[in-house]
Each structure stands twice: as C-alpha cells, then as structure tokens.
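Quick note on our numbering: the sequence shown kicks off at -4 and runs consecutively.
Cβ coordinates follow ideal geometry from the N, Cα and C atoms, glycine included.
Structure first, then comments.
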Amino acid sequence: MTDDTCIFCKIANGEIPSATVYEDNMFRVILDLGPASKGHALILPKNHFPDVCGLDGETAARVLPLGAKIGAAMKKSLGCAGFNLVQNNGEAAGQTVMHFHMHVIPRYEGGPSIV
Ligand code: 5GP
Ligand code: ZN
-4 MTDDTCIFCK IANGEIPSAT VYEDNMFRVI LDLGPASKGH ALILPKNHFP
46 DVCGLDGETA ARVLPLGAKI GAAMKKSLGC AGFNLVQNNG EAAGQTVMHF
96 HMHVIPRYEG GPSIV
C-alpha cells in the first residue's frame, strides 16, 4: 500500500534517508525539514493514505497514542513545556504533501505563537 510517486512513502519505508527519531512496524517519525520549532517532528505511516479520510482502522487507532508518546518524550528530552498535534487535510487546509502525516510541534515557554 505505497505510492511510487510519493516522497513520504519513500521516506517512511527507508528508501530515502531521513532524521528518524522513532520507528515501528507501521510508522516512522522524522524531523521536519522546515521546523516550526526546535524538534518539530512528523509521524508518517508506512502505508500511503492521502489524508485522514482514508486511514485504515489500525492506523487511525495508533496514530494519536503515538503522537502523545512522542510529545511526552519531547517534554523530557527537549524540555518543551507543551506540544501541538496538528494534521492538515487538503491544499485548502495547508496540506502540501499528500501522504497523511501528523505534526508534533514542541512548544517552549515564552516561544512565539506559531499554530
Ligand atoms: P503539510 O503542510 O503537508 O501539513 O506538512 C508538510 C511538512 O513536511 C512541512 O512542514 C514540510 O516542512 C515537511 N517536508 C516536506 N518535504 C519534506 C522532506 O522531504 N523531508 C522532511 N523531513 N520534511 C519535509
Ligand atoms: Zn505516500
């Protein structure tokens, strides 16, 4: 269930190297190339889903707990005070890569308003 033309499929499945901070059988979590804050990460399913509407049940069930786990780990390792879980669907909503992904954006005390 991958798409040969999709860069996030290639990154998620290790065909293109990335700064990976977590990996399991269904997901790879990478650092964003254009971070909104220090440590900004993206949760990528290894299967291709264009957006949240087409997610299969297992991916849908696992992605939010994984976001919580990555965010909690960021608080310990990066010292952020909180984090945003953000997920865009469709160009009109700001999605630029049409492979479902969830942003995990660390937020620091006194940091700028970015989301
Ligand atoms: P979207 O706007 O689709 O919700 O988010 C896409 C995100 O992917 C952006 O924050 C952008 O900086 C990031 N991005 C785009 N291409 C790459 C890439 O090749 N590698 C990494 N690590 N991040 C990317
Ligand atoms: Zn893809």
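Going straight from the alpha carbon of residue i to that of residue j, what length do you get?
{"i": "F44", "j": "Q90", "result": "13 Å"}
{"i": "K33", "j": "P101", "result": "7 Å"}
{"i": "D(-2)", "j": "H94", "result": "9 Å"}
{"i": "A55", "j": "G62", "result": "11 Å"}
{"i": "A88", "j": "M97", "result": "14 Å"}
{"i": "G85", "j": "V92", "result": "9 Å"}
{"i": "D51", "j": "L59", "result": "13 Å"}
How should residue i be labelled, buried or exposed, when 16 other C-beta atoms within 10 angstroms of its C-beta is the threshold for buried?
{"i": "V110", "result": "exposed"}
{"i": "C48", "result": "exposed"}
{"i": "G66", "result": "buried"}
{"i": "I25", "result": "buried"}
Identify whether residue i lies in helix, strand or coil by the three-state DSSP scheme.
{"i": "L80", "result": "strand"}
{"i": "L61", "result": "helix"}
{"i": "T15", "result": "strand"}
{"i": "A31", "result": "coil"}
{"i": "M97", "result": "strand"}
Please return the same chain residues whose Cβ sits closer than 8 Å to the Cβ of residue i, not counting the five positions on each side in sequence.
{"i": "M69", "result": "G34, A36, C75, F78, V99, P101"}
{"i": "N20", "result": "K41"}
Within the same chain, show all residues whose beta-carbon is closer than 7 Å to that of residue i, passing over the 5 residues directly before and after it, in chain order.
{"i": "A7", "result": "R23, L39, P40, K41"}
{"i": "M(-4)", "result": "N42, H43"}
Apart from the five residues on each side of it in sequence, which residues of its chain come closer than 6 Å, Cβ to Cβ, to residue i?
{"i": "N83", "result": "G89, Q90"}
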